[in-house]
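Each residue of the sequence shown is one higher than the one before, starting from 822 at the first, in this note's numbering. A virtual CB, placed ideally from N, CA and C, is assigned to each residue, including glycine. All values reported here derive from a predicted model rather than from experimental measurement. Note sheet for the following structure.
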Amino acid sequence: MSDLLWQKPGVAVDAQIQAFLAGDDVLLDREFFLHDIEASRAHAQGLQRIGMLTADELAGLERELTTLAEDFRSGAFVLDERFEDGHSAIEARLTERLGDAGRRIHAGRSRNDQVLVATR
822 MSDLLWQKPG VAVDAQIQAF LAGDDVLLDR EFFLHDIEAS RAHAQGLQRI GMLTADELAG
882 LERELTTLAE DFRSGAFVLD ERFEDGHSAI EARLTERLGD AGRRIHAGRS RNDQVLVATR
């Protein structure tokens with residue numbers, strides 16, 4: 822299970838609670854997941870333009886976003902109730918693979934921003 826945005830360090834979340842919280846979000850987000858990945862790519866490019874990411878960090882993010890999209894299409898990555906939603910899944914994967922650069926993908930945008938962009 823990935824760490825939840827609101828989870829306290831060292832405190833486990835019961836699997837049934839996690840499944841309840843994820844609810845239909847994960848099912849719905851599967852429809853938008855590839856769009857959400859592309860929105861994250863565009864956002865990362867903007868972060869690099871304003872100096873929040875280096876060129877190397879941007880290259881790493883773009884590489885991992887491409888890999889994530891390929892893994893999702895092939896079934897190697899499954900968006901399920903381990904994640905609250907698609908946004909959390911993207912950020913968790915990038916953070917797992919890239920550390921701090923992956924965490925910064927969320928800088929300057931809210932969850933509402935992410936939903937609006939992915940659904941347009």
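Taking residue i as the reference, which of the options has the closest Cα?
i	options	result
aspartate 850	Gln869, Gly872, Asp906, Ala833	Asp906
arginine 930	Leu882, Gly881, Ser861	Ser861
glutamate 852	His908, Ala922, Thr888, Ala865	His908
Tell me whether residue i is buried or exposed, calling it buried when 16 or more other Cβ atoms sit within 10 Å of its Cβ.
i	result
leucine 848	exposed
glycine 831	exposed
leucine 882	buried
aspartate 901	exposed
arginine 941	exposed
May I have the straight-line CA-CA distance separating residue i from residue j, to the nearest angstrom?
i	j	result
leucine 868	leucine 879	8 Å
valine 899	phenylalanine 893	6 Å
phenylalanine 904	glutamine 935	16 Å
alanine 876	leucine 919	14 Å
alanine 897	alanine 922	23 Å
Just checking my contact of residue i with residue j at CB under 8 Å: how many whole Å lie between their CB atoms?
i	j	result
histidine 927	glutamate 917	Not quite, the Cβ-Cβ distance comes to about 14 Å (not below 8 Å), so this is no contact.
glutamate 885	leucine 855	Not quite, the Cβ-Cβ distance comes to about 15 Å (not below 8 Å), so this is no contact.
arginine 925	leucine 889	That pair is no contact at about 16 Å.
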